[in-house]
Ligand SMILES: CC(C)(COP(=O)(O)OP(=O)(O)OC[C@H]1O[C@@H](n2cnc3c(N)ncnc32)[C@H](O)[C@@H]1OP(=O)(O)O)[C@@H](O)C(=O)NCCC(=O)NCCS
């Protein structure tokens with residue numbers, strides 16, 4: 088079973104979502120409309136929650152998890168992802184908050200309590216250390232990430248296009264199932 092309850096809470100799916108049958112969603116996970124989850128994704132909403140906004144795509148082999156409540160941080164670190172976000176292949180998103188229209192490059196790692204503002208690109212293979220705040224409108228690369236340069240207008244447009252392309256692609260997959 089790819090969609091499983093934990094402690095009586097089951098993942099909730101928006102309209103038109105596509106989830107590859109090799110992926111696993113557990114517990115308190117809420118997906119917006121037109122979200123796509125590609126092969127071998129694991130999203131485990133057990134000791135906190137996961138929220139994914141409309142038209143966001145989570146590509147192959149990505150892992151989504153979070154951190155539990157602690158004395159110093161009673162709310163723990165949930166994972167919150169906004170609208171029109173592209174999460175590339177084999178990305179690790181852990182207990183962080185991403186805004187809207189973001190590209191997380193292949194193989195990137197984003198750690199607890201990171202905040203990524205709207206309209207940001209994180210380069211492939213980058214590491215975003217705990218608690219880092221990435222500013223809107225910039226490219227970040229490296230391990231640990233550094234601000235590389237402002238995004239140009241083409242790149243900003245691409246962020247929305249990328250999400251829209253994935254909506255079209257998942258619609259094709261839904262039509263053939
Ligand atoms: C980050 C990225 C967008 C940069 O593209 P770009 O237009 O070639 O960037 P620039 O030419 O402005 O490069 C800026 C600098 O960052 C370096 N750089 C580029 N990508 C990098 C990366 N992923 N990690 C570290 N450094 C990187 C460049 O070598 C350059 O360094 P220099 O100034 O010392 O020469 C691209 O390399 C990338 O990682 N894209 C992610 C694609 C992806 O994973 N998509 C999801 C799956 S569909």
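Residue numbers (the working numbering): 88 to 264. Glycine included, each C-beta is placed from N, C-alpha and C at the ideal position. Quick caveat: nothing in here was measured; it's all calculated off a predicted structure.
How would you call residue 230, buried or exposed, if buried means at least 16 neighbouring beta carbons within 10 angstroms?
That one is exposed.
In whole angstroms, what is the alpha-carbon distance linking residue 263 and residue 105?
The straight-line gap from Cα to Cα measures roughly 12 angstroms.
At the level of alpha carbons, what is the spacing between residue 129 and residue 237?
Distance between the alpha carbons of residue 129 and residue 237: 32 angstroms.
Suppose contacts are defined by Cβ-Cβ distances below 9 angstroms. Is residue 139 in contact with residue 168 by that definition?
Result yes, Cβ atoms of residue 139 and residue 168 sit closer than 9 angstroms.
Can you tell me which of the three DSSP states residue 197 falls into?
Residue state, collapsed to three classes: strand.
Verify the contact flag: residue 236, CB atom, against every heavy atom of ligand 1, threshold strictly below 8 angstroms.
For ligand 1, at least one heavy atom lies less than 8 angstroms from the Cβ of residue 236.
Whose CA, out of 259, 254 and 201, lies closest to the CA of residue 120?
Minimum Cα distance to residue 120 is reached at 254.
Taking 8 angstroms as the cut-off, is the C-beta of residue 143 nearer than that to any heavy atom in ligand 1?
Not so, every heavy atom of ligand 1 lies at least 8 angstroms from the Cβ.
So is residue 152 buried or exposed if we call it buried at 16+ other beta carbons inside 10 Å?
Classification for residue 152: buried.
Can residue 176 be considered in contact with ligand 1, in the sense that its beta carbon sits closer than 8 angstroms to one or more heavy atoms?
Yes, Cβ of residue 176 sits closer than 8 angstroms to a heavy atom of ligand 1.
Is residue 215 helix, strand or coil when you go by DSSP?
Three-state DSSP puts residue 215 in a strand.
Return yes when the C-beta of residue 189 is under 8 angstroms from any heavy atom of ligand 1, and no when it is not.
Because no heavy atom of ligand 1 lies under 8 angstroms away, the Cβ of residue 189 does not count as near it: no.
Consider the C-beta atom of residue 226 and the heavy atoms of ligand 1; say whether any pair is separated by less than 8 angstroms.
At least one heavy atom of ligand 1 is nearer than 8 angstroms to the Cβ of residue 226, so yes.
Can you say whether residue 98 is buried or exposed, counting buried as having 16 or more other CB atoms within 10 angstroms of its CB?
Flag for residue 98 reads buried.
Would you kindly check if the distance between the Cβ of residue 141 and the Cβ of residue 101 is under 9 angstroms?
Contact: yes.
Got a sec: does ligand 1 put a non-hydrogen atom nearer than 8 angstroms to the Cβ of residue 249?
Yes, since a heavy atom of ligand 1 falls inside the 8 angstroms radius drawn around the Cβ of residue 249.
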